[in-house]
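Before any comments, here is the structure.
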Amino acid sequence: MPILVMKFGGTSVANIDRIARASKRVALEVANGYDVIVVVSAMSGKTNELVGWVNETSPLYDAREYDAVTASGENVTAGLMALRLQEMDIPARSWQGWQVPVQTTSAHANARIDAIPTDNIGAKFAEGMKVAVVAGFQGISPEGRITTLGRGGSDTTAVAFAAAFGAERCDIYTDVDGVYTTDPRIVRKARRLDRIAFEEMLELASLGAKVLQTRSVELAMRFGVKLRVLSSFEEPSDNAGTLVCAEEDIMESNVVAGVAYSRDEAKMTLISVADRPGIAAAIFGPLAESGVNVDMIVQNISEEGRTDMTFSCPVDQVMRAQKAMEDAKAAGTINFHDLVADEGVAKVSIVGIGMRSHAGVAAKMFAVLRDEGVNIKVITTSEIKISVLIDRKYMELAVQALHDAFGLEKAA
Numbered sequence: 001m002p003i004l005v006m007k008f009g010g011t012s013v014a015n016i017d018r019i020a021r022a023s024k025r026v027a028l029e030v031a032n033g034y035d036v037i038v039v040v041s042a043m044s045g046k047t048n049e050l051v052g053w054v055n056e057t058s059p060l061y062d063a064r065e066y067d068a069v070t071a072s073g074e075n076v077t078a079g080l081m082a083l084r085l086q087e088m089d090i091p092a093r094s095w096q097g098w099q100v101p102v103q104t105t106s107a108h109a110n111a112r113i114d115a116i117p118t119d120n121i122g123a124k125f126a127e128g129m130k131v132a133v134v135a136g137f138q139g140i141s142p143e144g145r146i147t148t149l150g151r152g153g154s155d156t157t158a159v160a161f162a163a164a165f166g167a168e169r170c171d172i173y174t175d176v177d178g179v180y181t182t183d184p185r186i187v188r189k190a191r192r193l194d195r196i197a198f199e200e201m202l203e204l205a206s207l208g209a210k211v212l213q214t215r216s217v218e219l220a221m222r223f224g225v226k227l228r229v230l231s232s233f234e235e236p237s238d239n240a241g242t243l244v245c246a247e248e249d250i251m252e253s254n255v256v257a258g259v260a261y262s263r264d265e266a267k268m269t270l271i272s273v274a275d276r277p278g279i280a281a282a283i284f285g286p287l288a289e290s291g292v293n294v295d296m297i298v299q300n301i302s303e304e305g306r307t308d309m310t311f312s313c314p315v316d317q318v319m320r321a322q323k324a325m326e327d328a329k330a331a332g333t334i335n336f337h338d339l340v341a342d343e344g345v346a347k348v349s350i351v352g353i354g355m356r357s358h359a360g361v362a363a364k365m366f367a368v369l370r371d372e373g374v375n376i377k378v379i380t381t382s383e384i385k386i387s388v389l390i391d392r393k394y395m396e397l398a399v400q401a402l403h404d405a406f407g408l409e410k411a412a
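Numbers 1 to 412, taken from UniProt numbering, label the letters of the sequence shown in order.
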């Protein structure tokens with residue numbers, strides 16, 4: 001039998017009624033002739049509750065026990081869905097990560113999948129099982145301890161299973177009906193995309209779009225797993241959702257596929273740093289060791305052996321970044337005159353594979369922002385992306401203006 005992977009997020013399994021609704025979708029695919037691997041998240045809000053209990057019990061917790069507690073949410077959902085499917089006379093059983101086993105690294109709370117042997121589930125399919133309901137987000141370390149894959153890790157679990165089993169497709173069911181050209185809450189004319197290339201989805205996911213976890217898109221692109229993002233609250237349809245696929249599977253696309261944004265950004269500038277070989281490593285090494293997620297980086301032209309270094313990071317990591325830089329200065333690793341933090345900025349980006357072959361996209365973006373009176377603080381580009389840092393108060397204006405200027409409400 002061909003295999004289909006179906007992943008249901010927390011809102012899609014938030015209560016018994018929604019689990020029953022999701023089970024009906026699974027039953028339809030079984031009736032279509034598939035053996036189905038269902039990957040489930042914890043019920044909506046449950047993981048946050050479990051994390052809260054851990055923090056309340058032990059603020060400086062043992063990460064191994066954190067994983068043991070937080071992985072339990074998915075176990076509950078998997079068992080309940082298996083029971084529901086059995087009530088529908090569909091041969092199903094639940095699988096926890098260690099039973100598959102989903103083999104991971106030992107990085108508790110942020111483990112990566114090393115391998116998914118297919119023998120155990122494959123043998124049960126051969127015996128007549130039609131649905132394997134797998135607890136997402138979890139695996140087992142080489143030491144035999146439960147591990148978790150980080151928030152949103154069930155997406156990665158689903159893609160990894162699709163790759164391991166050679167699934168025909170991996171359907172990600174969520175509370176939105178696909179991938180949009182931008183956030184419909186900001187731009188009412190935002191359009192659902194029928195198809196989007198892996199590279200575009202990867203950029204959008206990393207830039208703030210919350211539809212898919214970045215690691216799941218990386219994995220899908222690496223193994224050529226076709227992803228379909230669709231809503232669990234709409235009636236099934238062959239044309240539902242957005243297909244995330246290889247660039248060659250898309251006939252025509254707009255130059256720009258979407259506008260992404262990240263609201264909670266900060267811009268930090270080290271003023272008058274010694275301009276010498278190795279200075280970048282001396283700055284960004286301590287930041288990395290402190291867990292600061294640096295994004296955009298700009299270095300000014302050197303004058304008299306001194307330069308300014310600007311970078312962006314999440315606003316909730318500013319204090320950590322400041323401490324890392326002050327500690328490095330005290331240790332004599334770096335020397336700077338001042339450290340200035342601007343916590344009132346946002347990042348706005350345009351993404352599209354069509355940018356590779358079309359000139360003038362950057363000029364158009366900058367002209368649109370100029371005409372709206374939006375000042376650009378930092379610019380970074382890649383082959384298919386242009387990102388700018390702007391004052392946060394202009395973020396929604398910028399997103400709307402760019403969406404209109406590039407005609408994203410219209411199909412290619």
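The C-beta atom is built at its ideal place from N, Cα and C for all residues, glycine as well.
Short of 8 Å from the beta carbon of valine 36, and not among the five residues preceding or following it, lie these beta carbons of its own chain, in chain order: Ile3, Leu4, Val5, Met6, Val26, Glu29, Val30, Lys130, Val131 and Ala132. If you draw a straight line from the Cα of isoleucine 116 to the Cα of glycine 178, it is about 28 Å long. DSSP, reduced to helix, strand and coil, places methionine 296 outside both helices and strands of the structure shown, so it counts as coil.
DSSP assignment within the segment 66-96 yields the following whole beta strand (DSSP E) runs of 3 residues or more, N-terminal first: 92-95.
Minimum Cα-Cα distance from phenylalanine 198 among the listed residues Leu270, Val315 and Thr214 corresponds to Thr214.
With at least 16 other beta carbons inside 10 angstroms of its own, phenylalanine 8 counts as buried.
Rounded to the nearest angstrom, the Cβ distance from alanine 135 to leucine 219 is 18 Å, too far for a contact under 8 Å. Lysine 46 counts as buried, since no fewer than 16 other beta carbons sit within 10 angstroms of its beta carbon. Judged by DSSP secondary structure, arginine 25 falls within the alpha helix (DSSP H) whose first and last residues are 16-31. The continuous stretches of beta strand (DSSP E) do not include glutamate 304, and DSSP gives it neither H nor E. Leucine 397 has no beta-bridge partner at all, per DSSP.
Excluding sequence positions up to five before and after asparagine 293, its CB lies within less than 8 Å of the CB of Cys313, Pro314 and Gln317, all in the same chain and listed in chain order. Under DSSP, the beta-bridge partners assigned to tyrosine 173 are Phe8 and Leu230. When rounded, the separation of the alpha-carbon atoms in glycine 139 and threonine 104 is 6 Å.
Counting along the chain, the unbroken alpha helix (DSSP H) around aspartate 155 starts and ends at 153-165.
Look at arginine 263 here: in three-state DSSP terms it is strand. Straight-line measurement puts the Cα of aspartate 62 at about 24 Å from the Cα of proline 286. Apart from sequence neighbours up to five positions away, the residues of its chain that approach valine 39 with a beta-carbon distance below 7 Å are Val5, Lys7, Val134, Gly136, Ser154, Thr157, Ala158 and Phe161, ordered along the chain. In the assembly as shown, methionine 319 is an exposed residue. Its beta-carbon has fewer than 16 other beta-carbons within 10 Å. Distance from the CA of alanine 42 to the CA of aspartate 171, rounded to the nearest whole angstrom, comes to 17 Å.
Per DSSP, reduced to three states, the secondary structure at alanine 132 is strand.
According to the DSSP secondary-structure assignment, arginine 192 is paired through a beta bridge with Tyr180. Runs of the beta strand (DSSP E) lying entirely within the segment 93-123 and spanning at least 3 residues, in chain order: 113-115. For alanine 341, the enclosing beta strand (DSSP E) has its first and last residue at 338-351. Counting C-beta atoms within 10 angstroms of its own C-beta, tryptophan 95 has 16 or more neighbours from the protein chains shown and is therefore classed as buried.
Assigned with DSSP and collapsed to three states, glutamine 138 falls in strand. Taking all protein chains shown into account, phenylalanine 223 has fewer than 16 neighbouring C-beta atoms within 10 Å of its C-beta and is therefore exposed. A check of alpha carbon separations from cysteine 245 across Met221, Leu408 and Ile350 identifies Met221 as the nearest.
Each of Thr182, Ala163 and Trp98 was checked against the Cα of serine 141, and the nearest Cα belongs to Trp98. Counting C-beta atoms within 10 angstroms of its own C-beta, methionine 355 has 16 or more neighbours from the protein chains shown and is therefore classed as buried. Apart from sequence neighbours up to five positions away, the residues of its chain that approach threonine 174 with a beta-carbon distance below 6 Å are Gly9, ordered along the chain.
Here the C-alpha atom of methionine 81 lies approximately 53 Å from the C-alpha atom of leucine 339. Here methionine 395 is near alanine 346, since their CB atoms are less than 8 Å apart. Going by DSSP, leucine 219 is part of the alpha helix (DSSP H) stretching over 214-223. A residue is called buried when at least 16 other Cβ atoms come within 10 angstroms of its Cβ; asparagine 254 meets this threshold and is buried. In this structure arginine 195 is buried. Its beta-carbon is surrounded by 16 or more other beta-carbon atoms within 10 angstroms.
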